[in-house]
Each structure stands twice: as structure tokens, then as C-alpha cells.
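Report on one structure; see the data block that follows.
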Amino acid sequence: MKFELLLIVAVTAAAQDFSEIRVEKIVNGLKFAEGPAWSPDGFLIFSDTVTNKLNKLVLGRGAPEMQEISGGPIGNAYDSQGRLYTCEFRERRIVRTDKSGKTTVIAARFEGKRFNAPNDIAVRRDGHAYFTDPAFGNQQDTQELDFNGVFHLTPKGEVEPIAKWKTRPNGIALSPNGKTLYVTDSDARLVRAYDLDRASATRSGEEGRVIVSNLAGVADGIRTDEKGNLWIAANTVVCYSPQGKLLGEIHLPETPSNLTFGDGDLETLFVTARTSIYRIRVGIKGSVQN
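Each residue of the sequence shown is one higher than the one before, counting from 11 in the numbering used here.
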């Protein structure tokens with residue numbers, strides 16, 4: 011594992027000081043890193059999608075441990091019980107791995123048709139999960155659904171669509187109180203918000219509300235912090251207020267694909283960026299919904 015400090019350029023905002031932020035490269039040599047998720051047990055999980063590897067990184071203990079997942083791991087998230095949810099884009103399903111290591115397929119079809127290629131997932135504290143299901147590239151050749159979906163998965167395993175898009179949803183995250191769902195649109199380069207009721211159905215309609223628009227680059231992963239700010243992987247890592255005001259920008263040597271909050275105090279961003287993993291102390295706690 012190679013550690014490297016990098017100088018960055020950032021916007022300074024009154025609500026959050028980006029001027030002192032440093033970027034540290036902690037893993038390199040990957041093929042295409044995605045799906046970072048911080049375990050409640052104190053380690054980082056991330057996917058290397060090209061090699062079908064799910065990686066476990068314990069900081070300070072050398073190179074990541076790797077497990078090959080033939081289903082094609084990409085997006086990952088933990089629930090409040092410490093169980094790992096993984097989007098498998100090759101097998102077109104969602105699996106859940108408990109703390110004993112047992113893996114169960116919890117969603118693979120909607121109305122009898124296979125998903126396109128589940129991409130990213132977020133799990134609310136009450137066990138309700140939300141995931142995106144776009145079709146990129148040759149995934150469109152085997153597409154059975156006639157839409158790109160944003161789905162709700164109940165604790166009982168029931169699947170319902172929150173939205174059916176023609177464009178492609180990508181990253182997904184929940185607000186700190188679990189009442190708002192944020193989804194990035196890779197094609198339109200924006201972020202939509204959906205209001206959730208207690209049963210986790212949307213009250214916003216399929217279009218949702220556009221919170222952030224005109225993002226530079228493909229809108230990919232997204233997370234929220236304890237204040238409800240949105241941290242988005244696009245051409246750079248950008249931070250927006252819940253009202254859509256740009257608060258800051260962090261430049262990396264590579265284009266970021268996804269991000270998550272971690273470390274013991276949840277004040278670190280771990281960013282996957284093509285061949286590397288970056289660690290960035292941002293001085294604000296991530297939302298425990300993410």
C-alpha cells in the first residue's frame with residue numbers, strides 16, 4: 011500500500027473551510043474502484059469492479075484483503091446491524107452478507123424481469139433499502155425492464171419502484187433524518203430529491219425535485235453529512251448545501267467515482283477514484299444513514 015500526500019485546490023465557503031484540506035492516497039494499483047462503505051466494526055469495504063474483487067481495508071494493517079465475487083460487486087452499504095448489502099451488476103441482483111459471512115440474495119427481479127445492473131445502495135436505520143438500477147454500455151443489450159429504476163426494498167424483501175427514468179440514475183444517499191432520498195442522474199448531470207413517508211414510499215412523484223444541476227462531469231456517488239450537506243463525486247468532489255448552494259470543491263489526481271464517510275469519528279471522506287483510494291479529513295461528521 012502506498013501512502014502519498016497531495017496538494018489540492020478548493021473553494022472556501024463560510025459554512026465549511028476547505029482551505030486546509032489535504033488529500034492522502036492510501037491504495038493504488040486498482041482497475042476501477044467503486045462502492046466504498048465504512049463498516050461499524052472499523053474498516054473500509056470497496057469494490058474493484060473490473061477484477062470482481064471486494065476489498066477489505068483495515069487502516070494501518072498493510073494491503074487490503076481481497077475476495078473475488080463473480081457476480082460483479084459495485085455499490086456497497088451497511089445496515090444498522092452491521093450486515094453488508096452489495097449490488098452485483100453482473101448477476102443483476104442485490105445480496106446481503108451477515109456478520110457470520112453468510113450471503114443471501116435479497117432482490118433479483120421486479121415483476122418477473124431481471125434488474126438491469128444494480129449500481130448503488132443506501133440502507134436506512136429502520137432496514138428499508140434504496141438502490142439504483144441503470145443500464146450502461148452493453149448492459150442495455152440484455153435489458154429486460156423498459157426503464158432505469160430507483161427502487162425501494164423493504165425489510166421483508168418487497169421491491170417497489172420509486173421512479174422509472176429514461177436517463178440513468180447512479181449514486182444514492184439518504185438525509186440524516188432518513189426522510190429525503192437523493193439520487194444522482196449521470197446523463198442529466200444533476201441530483202434529484204424524493205420525500206419519503208414513514209412507510210418509505212415517495213411523496214414527490216417520479217420526477218422528484220432537482221436540488222443540484224449542471225454538475226461538471228458524470229454525476230456518480232453521493233453521500234450526506236450530519237448537517238445534510240451533499241457530497242458528490244463528479245469531475246471533482248463537490249459539496250452542496252441541502253438547498254443546492256455550492257460550498258466547496260476538492261480536486262483529485264483522478265476522476266472520483268464514489269465516496270463514503272469513515273474513521274472512528276466519521277469525519278473522513280474515503281473516495282474511490284479509478285485506480286486509487288483517497289483519504290480526506292473534512293472536519294464534519296458523515297450522516298449515520300450512509
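Even glycine gets a Cβ: it sits at the ideal position worked out from N, Cα and C.
Three or more Cβ pairs closer than 8 Å define a contact, and the region 221–240 meets that threshold against the region 199–208. Looking at the DSSP output, Gln-77 shares a beta bridge with Leu-64.
Around the beta-carbon of Gln-150, fewer than 16 other beta-carbon atoms lie within 10 Å, marking it exposed. DSSP, read as helix, strand or coil, puts Thr-246 in coil. Residue burial is scored here from C-beta neighbours: Glu-168 has fewer than 16 other C-beta atoms within 10 angstroms and is therefore classed as exposed. Scanning its chain for C-beta atoms nearer than 7 Å, with the 5 sequence neighbours on each side dropped, one finds around Gly-82 the residues Thr-59, Asn-62, Glu-98, Phe-99, Arg-100, Glu-101, in chain order.
Closest in C-alpha terms to Arg-178, from the list Ser-185, Asn-187, Ala-145, Leu-191, comes Ala-145. Beta-carbon to beta-carbon, Ser-57 and Gly-92 are separated by about 18 Å, too far to satisfy the 8 Å threshold. Between Ala-173 and the set Pro-46, Thr-246, Gly-147, Asp-195, the nearest pair of CA atoms involves Asp-195. DSSP places Phe-271 in the uninterrupted beta strand (DSSP E) bounded by 268–272.
Residue Tyr-192 holds the alpha-carbon nearest to the alpha-carbon of Val-220 among Trp-241, Tyr-192, Tyr-288, Arg-135. Apart from the 5 residues on each side of it in sequence, Arg-291 sits with its Cβ closer than 6 Å to the Cβ of Thr-278 in its chain, given in chain order. Judged by DSSP in its simplified three-state form, Gly-147 adopts helix.
If you draw a straight line from the Cα of Asp-275 to the Cα of Asp-156, it is about 43 Å long.
By the beta-carbon neighbour count (other beta carbons within 10 angstroms, threshold 16), Leu-256 is exposed.
Straight-line spacing of the CA atoms in Thr-282 and Ser-267 works out to 6 Å. Ser-286 counts as buried, since at least 16 other C-beta atoms from the protein chains shown sit within 10 angstroms of its C-beta.
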